[in-house]
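Below is one structure, written out as structure tokens; the observations come after it.
Protein chains in written order, with my numbering: chain A, 51 to 539; chain B, 51 to 539.
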């Protein structure tokens, strides 16, 4: 199979080049398991007759990431099920004694506080893919667990999918295809609302990894590209991508012919596209949302698609998932929806299966994971799960033994941050006042007691608009940080 | 409507910048009509209820390119119909006295030799769009007619559409969408054969304007891009686009995960993808064909889609068109077909409506058209309609009055060729032996008697592999051409 071979070989190249552990992060961590037999449970969707149709279809229960032979040959137990809900499900039986739980966002096993409490042996929660919404991260952190995903494994997949959906909507593909299968031929009924993408204004709400990959792929289409994010890109990257930063979301949205949603679901973004916001969009706007269904007000989207205010809506995310048979988005006009699949292409599956295997291998050896994969590390969370918008202490940061004071610790933090993607992403721009709404900072020193390591200390760099009233530090000047730290310490 | 406004403004910019006549081509031609009332007939598809849904929907019979008011205000008669077939159709009634016939490839009025014979006043055949397959070009040339189209008006539209179709097939969009509308949710049934485009080998058969625009848009997807054409691109352009030239089509095809057809329908390409050629493609290959349906053997495509040898086939061209209700491509598995619409987006319609208006305006004033628009000019054909692969004499070429010898004429030709796109496209590469199959040349001097101008002389630069056995001239050395001309003269 042409596509099968091409996908597999691309992933082999990726794994061999990028996923090996740099020696600097190989320091042993108490949290990780010593070698020994582990009980690993994987929860995946059943593929039934499709499981055998493609040897690279690794993400289903039958093929179980392709790691059974490897795990069992090392003496580990590997239970795989798709039965994940309710008190009598197969998963529930294994909760009390599993060490590792592997799940996917496509068929999520909800890891509630209650399940975490019952899981006395649980150490590691792995997402085969991206997105750990289904895990109670606070409970996981409090229990000292590690939660990790295969960061980056789906970004290309989703960005490509978004561009496909933009074109499907702009060019009015589906009515033409439906004519074909219905035995019809009526060019007018398609052409009266089919457009070129060229020359249109496309705005992405969020320009993280997926949003940037989308913008890069949009560039040769000669569109007017806009992006809104909390952060302006590096000017060089911005100019390479050819997109214009829009600080004010509500100033950007009414300019857009096409809006793409590329932001996470948070309390702030939930229901963000409600009746009022949609009313302010251009009449005839097209919306692509592969982020999360709940960012949209479901009924407001139905109403605007029915009135024609939204001329097309496409995405693979729903609220809830799986979408029930009577979900109104299935039946609204001008929708180009699919089930939640954009991140689970065969190529994506090969990447996240390889990423999960890599993390299990490191876990067995007591080695660190690639730093970007951690959501909660040994009970310490990144991505704001514990408080506001905290960013994690970088994985290369010192431990107690090398830091005898807050000041020394902070010096280490600053030095470590320089190599950490969040440094660029947050500090340089935030502190240079490019985001004026974040005018003040606070540094939080956390003492996070851990079930296994009593003295484990994590340092977070966070911010709030209320707790710090001093001048905004200059990111180029490390002493500003030390001064700040002194005042706070 | 967001898209409507954006499309219209982009086209206004295009027309005002690019379509005005350079003063050098404004020389009056005897063939063009003197000022006076003309009878112009336009044949377009009827849009019925869709006609009024978008003021920019110019390509339908009801909106008739938006030029009625303008034509009638100048005293011309403008008949518009969609009734074009059979001896008693509306078009047939106007054949005897029309001066200009405007047609589209989307609802083609067949201009046969018989109709041309009956059309005693006919001077000009305009295609609103691209493609003049529906005109008997030999008969038109013999009758001294001019046939012109709006070259370039659809190239972006078709290239975008091709990329959409590639993504739809690679990512297995349609089965997911059909699940949505059927109330289903089965990620496995989609994911087992959904891939990323990244890393796949995409080959275009033909890399003319559309093929190049496609390759440019594919570049950020990080594919392995191949192209086959009679001509290798300029090395700089090739490196910008990032595609590799494949001289031997049958060597390229088996390498491709995705094949895109971007070549014209000729006697040579008709049925080119037959059972034997398809059998040599990779199992699981995806094919996109927005060129012409007859390039494929219809049944061979059905069989290969049914067996899975072709894993997906998408395009908007059929043989015949409109596709009858029982056309097997409507019902074969893994097709993502539409009616023939890719070149008739609203943006495309605005461009070709503006292009037709521009040519009519020039016709009324007796001015030349933009040179690239001519298919047959005053009875002289380009694009090989009259003989082999002849290329036209450039529009800026001298007429009899300025050329008193073949040698002087050729010097003028060579100088004119330097500014003509075909020079780059054919001469530089052909003669530099990059296409070894074109090892020899001949220059043909035509005397083309014309109904209106008895002494009209056209010069063609053509080639054949048999009539010239001398050394291949160096394109950088004009004297090589003069020597060649001398020998032939």
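Backbone N, C-alpha and C define an ideal beta-carbon position, used for all residues, glycine too.
Close-in-space but distant-in-sequence residues of the same chain around residue i (CB under 6 Å, 5 per side omitted)
i, result
"residue 388(B)", "366"
"residue 487(A)", "Reliability fails at residue 487(A), whose pLDDT of 23 lies under 50, so the model's placement of it is uncertain and the value that follows must be treated cautiously. So no residue of the chain qualifies."
"residue 184(B)", "158 and 160"
"residue 133(A)", "139 and 140"
"residue 274(A)", "251"
"residue 155(A)", "179 and 181"
Neighbouring residues, chain B, relative to residue i (Cβ below 7 Å)
i, result
"residue 247(A)", "210"
"residue 95(A)", "237 and 238"
"residue 286(A)", "Per Cβ cutoff of 7 Å: no residues; residue 286(A) is ~17 Å from chain B at best."
"residue 545(A)", "Chain A is shown from 51 up to 539; residue 545(A) falls before or after that span and cannot be answered."
"residue 375(A)", "233"
Residue i: contacting residues in chain A (beta-carbon distance under 7 Å)
i, result
"residue 152(B)", "What residue 152(B) touches in chain A: nothing, since even the nearest Cβ is about 17 Å away."
"residue 207(B)", "246"
"residue 372(B)", "235"
Same chain, Cβ closer than 8 Å to residue i, five either side skipped, listed in chain order
i, result
"residue 239(B)", "225 and 229"
"residue 385(B)", "355, 362, 363, 364 and 379"
"residue 272(B)", "248 and 249"
"residue 146(B)", "168, 169, 170 and 171"
"residue 148(A)", "89, 90, 91, 129, 169, 171 and 172"
"residue 235(B)", "229"
Buried versus exposed call for residue i [16 or more other C-beta atoms within 10 Å across all chains shown]
i, result
"residue 330(B)", "exposed"
"residue 98(B)", "exposed"
"residue 135(B)", "exposed"
"residue 43(A)", "The question about residue 43(A) has no answer here: the residues shown for chain A are numbered 51 through 539."
"residue 376(A)", "exposed"
"residue 86(A)", "exposed"
"residue 182(A)", "buried"
"residue 374(A)", "exposed"
"residue 284(A)", "exposed"
"residue 516(A)", "Only weak support is given to the placement of residue 516(A): the predicted model assigns it a pLDDT of 24, under 50, and the question is left unresolved by the model."
"residue 162(A)", "exposed"
"residue 371(A)", "buried"
"residue 301(A)", "exposed"
"residue 304(A)", "exposed"
Contact set between residue i and chain A, taken where Cβ atoms lie within less than 8 Å
i, result
"residue 227(B)", "224, 386, 387 and 388"
"residue 177(B)", "Chain A residues near residue 177(B): none, gap ~16 Å exceeds 8 Å."
Chain-ordered neighbours of residue i on chain A, where CB pairs are closer than 9 Å
i, result
"residue 107(B)", "238, 241, 242 and 243"
Neighbouring residues, chain B, relative to residue i (Cβ below 9 Å)
i, result
"residue 201(A)", "Residues of chain B passing the Cβ test: none, with the nearest at roughly 17 Å."
"residue 110(A)", "237, 238, 241 and 242"
"residue 181(A)", "Within chain B, no residue comes near residue 181(A); the closest Cβ sits about 14 Å away, beyond 9 Å."
"residue 103(A)", "242 and 243"
Sequence-distant residues of its chain with Cβ nearer than 7 Å to residue i (five each side left out)
i, result
"residue 347(A)", "321, 323, 324 and 325"
"residue 126(B)", "87, 88 and 90"
"residue 260(A)", "205, 208, 209 and 312"
"residue 318(A)", "none"
"residue 409(B)", "176, 198, 419 and 423"
"residue 369(A)", "343, 344 and 348"
Closer than 8 Å at the beta carbon, the chain B residues around residue i
i, result
"residue 98(A)", "238"
"residue 218(A)", "214, 218 and 223"
"residue 269(A)", "270"
"residue 49(A)", "Summary: the structure shown does not reach residue 49(A), with chain A confined to residues 51 through 539, and so no result is reported for it."
"residue 406(A)", "Under the 8 Å cutoff, chain B gives no residues; its nearest Cβ is about 16 Å from residue 406(A)."
Heavy atom of the ligand ZN within 6 Å of residue i beta-carbon
i, result
"residue 292(B)", "Only the bare structure without any ligand can be found here, which leaves the ligand ZN out of the picture."
7 Å Cβ cutoff, residue i in contact with chain D
i, result
"residue 349(A)", "Absent from the structure: chain D. Protein chains present are A and B."
Within 8 Å, do at least three Cβ pairs link the stretch 373–386 of chain B to the stretch 228–242 of chain A? yes
Quick check on the DSSP output: what are the complete alpha helix (DSSP H) runs of length 4 or more inside the stretch 117–191 of chain A, in order along the chain? 118–123, 140–144 and 163–168
Touch test, the stretch 294–311 of chain A against the stretch 243–263 of chain A, Cβ-Cβ under 8 Å, three pairs minimum: yes
Indicate whether the contact test is met: 3 or more Cβ pairs, each with one atom in the stretch 168–178 of chain B and one in the stretch 344–364 of chain B, closer than 8 Å. no
Are the stretch 287–301 of chain B and the stretch 281–298 of chain A touching by the rule of at least three beta carbon pairs closer than 8 Å? no
Across the stretch 213–224 of chain B and the stretch 202–214 of chain A, are there enough close Cβ pairs to call them in contact, namely three or more that are closer than 8 Å? yes
With contact counted as at least three CB pairs below 8 Å, one residue from each stretch, are the stretch 192–209 of chain A and the stretch 117–127 of chain A in contact? no
What are the complete alpha helix (DSSP H) segments, minimum 4 residues, inside the stretch 289–336 of chain B? 299–302 and 325–329
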